[in-house]
Structure formats: C-alpha cells, structure tokens
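Presented below is the structure to which this report refers.
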Amino acid sequence: FLIVCPDCDSVHARIIAQNILALLQTPKLHVKASIGVAQMEPDDTSELLLRRADIALYEAKNQGKNKVVIYKQQSQR
22 FLIVCPDCDS
32 VHARIIAQNI
42 LALLQTPKLH
52 VKASIGVAQM
62 EPDDTSELLL
72 RRADIALYEA
82 KNQGKNKVVI
92 YKQQSQR
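Take 22 as the starting number for the sequence shown in our numbering and just add one per residue.
Set out below in structure tokens:
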C-alpha cells in the first residue's frame with residue numbers, strides 16, 4: 022500500500038506509520054507490517070521518491086516485523 026501525506030514531514034510521517042502499526046497489532050487482526058517512509062525533496066520526480074520509499078521499506082523488512090524506517094541518504098548502498 023502507498024500512503025501519501027501532503028504537507029507532512031518525516032517526523033509526522035513516522036508518527037502516522039507507528040499509529041498504523043499499533044492499529045494492526047490488535048488481537049483480532051494478527052497482522053505484521055514493515056513500513057518505509059521517504060520525504061519528497063524539491064527536485065524529486067515521483068520515481069525517485071518511490072525508489073527511496075522502497076529502499077526504506079526493504080531496510081524495515083530486513084530489521085524484522087513491525088518496523089518503521091525513514092529513508093536517509095546513507096541508507097542507499
């Protein structure tokens with residue numbers, strides 16, 4: 022799933038992502054999630070933004086279930 026949060030910085034995006042994880046952890050759902058967050062930069066294309074979000078997502082998956090990772094430049098290998 023992709024969630025777009027206009028006028029939202031990475032701090033607020035992390036809060037939103039953590040709230041989503043908390044909602045998914047109810048006993049009735051039994052759902053685990055990994056969430057990658059990327060913030061759009063002034064000269065970004067949609068493809069570049071999605072690529073960075075994907076990098077953060079895979080980093081979250083590598084860290085284990087129920088993780089939120091914010092893309093940082095040093096994350097790129």
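Here a beta-carbon is modelled for each residue, glycine too, at the ideal position from N, C-alpha and C.
In this text, all values refer to a predicted model and were calculated from it rather than measured experimentally.
Practice item. Look at the Cβ atom of residue 57, then the Cβ atom of residue 78, and state whether they are nearer than 8 Å. Key: Within the sequence shown, numbered from 1, the residue matching residue 57 stands at position 36. Within the sequence shown, numbered from 1, the residue matching residue 78 stands at position 57. Yes, Cβ-Cβ distance for residue 57 and residue 78 is below 8 Å.
Exercise for review: Tell me whether residue 52 sits in a helix, a strand or coil according to DSSP, three-state version.
Suggested key: Within the sequence shown, numbered from 1, the residue matching residue 52 stands at position 31. Three-state result, residue 52: coil.
Point to revise | Cut-off 8 Å between Cβ atoms - residues of its own chain near residue 35, not counting five sequence neighbours on either side | key: Taking the sequence shown and counting its residues from 1, the one referred to as residue 35 is at position 14. Contacts found: 58, 89, 91.
Exercise for review: With DSSP as the reference, please indicate the residues paired to residue 57 in a beta bridge.
Suggested key: Start at 1 with the first residue of the sequence shown, and residue 57 comes out as number 36. As a beta-bridge residue in DSSP terms, residue 57 pairs with 90.
Review point. Hey, quick one: how far does the alpha helix (DSSP H) through residue 62 stretch, first residue to last?
Key: What you label residue 62 is simply residue 41 of the sequence shown in a count that begins at 1. The continuous stretches of alpha helix (DSSP H) do not include residue 62, and DSSP gives it neither H nor E.
Check your understanding: CB residue 82 to CB residue 55, shorter than 8 Å?
Key -> Within the sequence shown, numbered from 1, the residue matching residue 82 stands at position 61. Within the sequence shown, numbered from 1, the residue matching residue 55 stands at position 34. Yes, Cβ-Cβ distance for residue 82 and residue 55 is below 8 Å.
Point to revise | alpha helix (DSSP H) segment containing residue 46, residue limits | key: As a first step, residue 46 must be located in the sequence shown, where it is residue number 25. First-last for residue 46: undefined, no H or E at that position.
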